[in-house]
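Protein chains in written order, with numbering that gives the first Met the number 0: chain A, 0 to 226; chain B, 0 to 226. Beta carbons are placed, not taken as given, at the ideal position from N, Cα and C, and that holds for glycine.
2 protein chains.
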Amino acid sequence: MGQDSRSGDHGPRAETGTKDALLSAAVRVFARKGFQEATVREICREAKANVAAVNYHFGGKEALYRAALETVFSMKDPAADEFADRTRPAEDRLRGYLDSIVDELYVRCPSDKAGQDKHALFMIETMNPSPHLDIMVQLYVQPRADLLRDILRDLLGPKAPDQVLRDCAQSIWAQMLHPRMFGAISDRLKPRLPSPAERLDEYKRHLIRFSLGGLEGIRRRLNKDSE
Amino acid sequence: MGQDSRSGDHGPRAETGTKDALLSAAVRVFARKGFQEATVREICREAKANVAAVNYHFGGKEALYRAALETVFSMKDPAADEFADRTRPAEDRLRGYLDSIVDELYVRCPSDKAGQDKHALFMIETMNPSPHLDIMVQLYVQPRADLLRDILRDLLGPKAPDQVLRDCAQSIWAQMLHPRMFGAISDRLKPRLPSPAERLDEYKRHLIRFSLGGLEGIRRRLNKDSE
DNA sequence: AGTTGTTTAAAACGAATGTTTAAAGCGAGC
DNA sequence: GCTCGCTTTAAACATTCGTTTTAAACAACT
């Protein structure tokens, strides 16, 4: 069973088309339905391919899902590591970091379909981890976590234990993600208030204030402990 | 089609058994598998009932799920509204609130099976909202949200807008829930550190410090704005 | 043209699921 | 004792899904 035309021994054909179409259809469908809910048939319909194509080209639904994750999370991000240069004041870098990740997560430009699918998949895989979660963590989460840890290291000083950095990072990530994970719940709470997603800039300001305040609280405690 | 023996006109039989067994089996199975993954057959097996029993007594899988949610979230909580009395200092009440909810969410006493199922269902329904999410919000989330809002009102003063209270409440809830929602991801981040669930007391201390600091930051801003 | 290996296509398979059916079981009331 | 209504049971039904099968279409090389 030849699986991949491009790795064939002699006759590399012109663009297969089908395999790529399957992959990008898979990204879209998985992004809006998740692994379980998405069906091979729907993906093939969207890729204008036969039902058997998935098994032929990828070996099965699960392998296709894995391939879709790899594709999506290997994409280079537009904005990124401008917050890595240690010359800028740490507080500014944190601001920039929050701003950029929140924009990333609550994609506002409806043009960037690929980016939307990417973050939909991030949410899906986060809320419902599959055996292939590692791919996403390694390619997507880890770099962002490292970046934040460096910023927090600067903010909290060299004496701050790793565990404290991790806790703070999680507090910050939690707040960034919360509106996406609890949107459905928040919408049903009385009194009904506009969701953070509807007032992103305001929520970003809250986020930075609350987080800087929280870090200040942690820093005070660190200093008190080291006396 | 008589649905309920206890609402029958004349002959209320001895304990039907089956319907109750079905309900409690449903709670357990849904709690560990979610709505989609759970199968009617497994629930019936666990309830020692026939496959058709679900449709006979409840009308279908979905109605059974709804009934399970109603059952579980109608349970009165052991600990609760001791933080409602406005005499205690607000900061203490926040401490108590965090402590009690975290304990609730990361149930440590393995005896309380019902409580575990309840919070498993809470997580499942949060991460994968069903059409019956409202039940849970109304019976479970709303009272806890109200409690926290009152505490935050005391902490931030009467001039704080509702929107600010809500944002702060969400920041705090986000942190409480984060370890449960992102446990799988955090476990895969390098360097590997013990998860908050493995060191709950330490994490609770972080949570209270970070949150009080965050609130202090918000309060400062409120005062500055009102000058 | 003919051969070969790869890709597509239609159909069918086999397993699992929620639901329905039709008959049997069973307790109470006349 | 018998009927009637509610409950339980086993079997079947209808659908859906991932996957397999089998054969036809296709492109390149000899």
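Listed by position along chain B, the residues whose Cβ is nearer than 8 Å to that of residue 144 of chain A are 188. Excluding five sequence positions before and after residue 167 of chain A, the CB atoms of its chain that fall closer than 8 Å to its own CB belong to 151, 155, 213, 214, 217, given in chain order. Under the Cβ distance rule, residue 131 of chain A does not count among the residues neighbouring chain B, no pair being separated by less than 7 Å. Cα atoms of residue 76 of chain B and residue 115 of chain B: separation of roughly 12 Å, rounded to the nearest angstrom. Assignment of residue 212 of chain A by DSSP, reduced to helix, strand and coil, places it in the helix class. With contact defined as three or more Cβ pairs closer than 8 Å, the segment 192–206 of chain A and the segment 128–147 of chain A are not in contact. Annotation: residue 226 of chain B is outside any alpha helix (DSSP H) and is labelled neither H nor E by DSSP. Burial of residue 125 of chain B is indicated by the presence of at least 16 other C-beta atoms within 10 angstroms of its C-beta.
Here the alpha carbon of residue 226 of chain B sits roughly 30 Å from the alpha carbon of residue 144 of chain B. Spatial neighbours of residue 52 of chain B in its own chain (CB-CB distance under 7 Å, excluding positions within 5 residues in sequence) are listed in chain order as 17, 21, 43. In the structure shown, the three-state DSSP call for residue 178 of chain A is helix. Between residue 171 of chain A and residue 147 of chain A, the beta carbon gap of about 7 Å places them in contact (Cβ cut-off 8 Å).
For residue 142 of chain B, the enclosing alpha helix (DSSP H) stretches over residues 141–155.
For residue 129 of chain B against residue 34 of chain B, the beta-carbon gap comes to about 6 Å, under 8 Å, which counts as contact. When secondary structure is reduced to three states using DSSP, residue 18 of chain A falls in the helix class. The Cβ atoms of residue 68 of chain B and residue 25 of chain B lie no closer than 7 Å to each other.
Counting other Cβ atoms within 10 Å of its Cβ, residue 73 of chain A stays below 16 and is therefore classed as exposed. Chain A places no beta carbon closer than 7 Å to that of residue 59 of chain B, leaving this residue out of the contacts. Each residue's CA atom was taken as its position, placing residue 99 of chain B and residue 163 of chain A some 22 Å apart. Contacts between residue 161 of chain A and chain B, judged by CB atoms closer than 8 Å, involve 190, 192 in chain order. If you draw a straight line from the Cα of residue 91 of chain B to the Cα of residue 97 of chain B, it is about 10 Å long. Straight across, the Cα-Cα distance linking residue 220 of chain A with residue 134 of chain A is about 37 Å. By a beta-carbon distance limit of 8 Å, residue 173 of chain B contacts residue 174 of chain A. Their separation comes to about 5 Å. As the crow flies, the alpha-carbon of residue 180 of chain B is around 32 Å from that of residue 87 of chain B.
A straight line joining the alpha-carbon of residue 30 of chain A with that of residue 176 of chain B spans about 24 Å. Burial is judged here by how many other beta carbons sit within 10 angstroms of a residue's own beta carbon; residue 94 of chain A has at least 16 and is buried. In terms of Cβ geometry, residue 153 of chain A and residue 89 of chain A form a close pair [threshold 7 Å]. Judged by DSSP secondary structure, residue 66 of chain A falls within the alpha helix (DSSP H) whose first and last residues are 60–73. Interface with chain B (7 Å Cβ-Cβ cutoff): residue 177 of chain A is included. Its Cα nearest to that of residue 32 of chain B, the residue B:123 stands out among B:82, B:142, B:192, B:123. A check of alpha carbon separations from residue 60 of chain B across B:105, B:83, B:36 identifies B:36 as the nearest. Assignment of residue 97 of chain B by DSSP, reduced to helix, strand and coil, places it in the helix class.
The continuous alpha helix (DSSP H) containing residue 39 of chain A extends over residues 39–45.
Taking C-beta atoms under 8 Å as the contact rule, residue 120 of chain B and residue 50 of chain B fail to qualify, at a distance of about 23 Å.
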